[in-house]
Amino acid sequence: MEYKTSDLPGIGKRHSYITSKGEQIVVITHVHGHRELYHFADPDDDEPDFALHLSDEEARQLGAIFLGVDYQPVSDDRMQIILEGIRMEWVPIKPSSCLVDSSIADSQIRKRTGATIIGIKRGKDIVGSPGADEVLRSGDLLLVIGGKDPVNSLRNLCLPR
Numbered sequence: 002m003e004y005k006t007s008d009l010p011g012i013g014k015r016h017s018y019i020t021s022k023g024e025q026i027v028v029i030t031h032v033h034g035h036r037e038l039y040h041f042a043d044p045d046d047d048e049p050d051f052a053l054h055l056s057d058e059e060a061r062q063l064g065a066i067f068l069g070v071d072y073q074p075v076s077d078d079r080m081q082i083i084l085e086g087i088r089m090e091w092v093p094i095k096p097s098s099c100l101v102d103s104s105i106a107d108s109q110i111r112k113r114t115g116a117t118i119i120g121i122k123r124g125k126d127i128v129g130s131p132g133a134d135e136v137l138r139s140g141d142l143l144l145v146i147g148g149k150d151p152v153n154s155l156r157n158l159c160l161p162r
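So for the sequence shown, our numbering puts the first residue at 2; every next one is plus one.
Shown next as structure tokens:
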């Protein structure tokens, strides 16, 4: 897959992908958060085959689906992807963990571990791309991304005190 990105002054950022089938997907992220997604069967075409216009929330929900936040097509209860030193795993928050009842911002997870929470499964609910003010609860299943050591550091924070 070929990937290019460019700044669009006053508009936002443009991401362009050429898929393995030779199709082009263009995503424009506007400074105000909404996204435009364009598909070109032939990258040389001037007009897209179709376009989607998504709000920031819609784009984040769609992104969470692509990341596998609410469905894992593997039988293992934790998804792990190793790609150029990056892991993505499901990490459960155990009762009496130091993270329980604190927000992502207050717990300073990224600063303390280097890992990033990109989704939370809370019972039957999914929180895709949670905000810094999201309060973590006992039993939450965190979808985290980072290197091996940062993910392991976060895993340790999720254990009982």
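Beta carbons: idealized from backbone N, C-alpha and C, even for Gly. Just so we're clear, the structure is a prediction, and the values are computed from it rather than from any experiment.
{"query": "For Ser130, which residues in the same chain have their Cβ closer than 8 angstroms to its Cβ, ignoring the five residues on either side in sequence?", "result": "Arg61, Gly64, Ala65, Ile119, Gly120"}
{"query": "Can you find the residues in the same chain that come closer than 6 angstroms, C-beta to C-beta, to Ala52, ignoring five residues on each side of it along the sequence?", "result": "Tyr39"}
{"query": "Using a Cβ-Cβ cut-off of 6 angstroms (strictly less than) and excluding sequence neighbours within five positions of Gln25, which residues of its own chain qualify?", "result": "Ile19, Phe41, Pro44"}
{"query": "In the DSSP assignment, what are the bridge partners of Ser21?", "result": "The partner list for Ser21 (beta bridge, DSSP) is empty, contrary to what the question assumes."}
{"query": "How far does the alpha helix (DSSP H) with Arg156 in it extend, from its first residue to its last?", "result": "149 to 158"}
{"query": "Which residues in the same chain have their Cβ closer than 8 angstroms to the Cβ of Thr6, if we skip the five residues on either side of it in sequence?", "result": "Lys14, Arg15, His16, Ser17"}
{"query": "Between the C-alpha atoms of Glu90 and Asp134, what's the straight-line distance to the nearest angstrom?", "result": "22 angstroms"}
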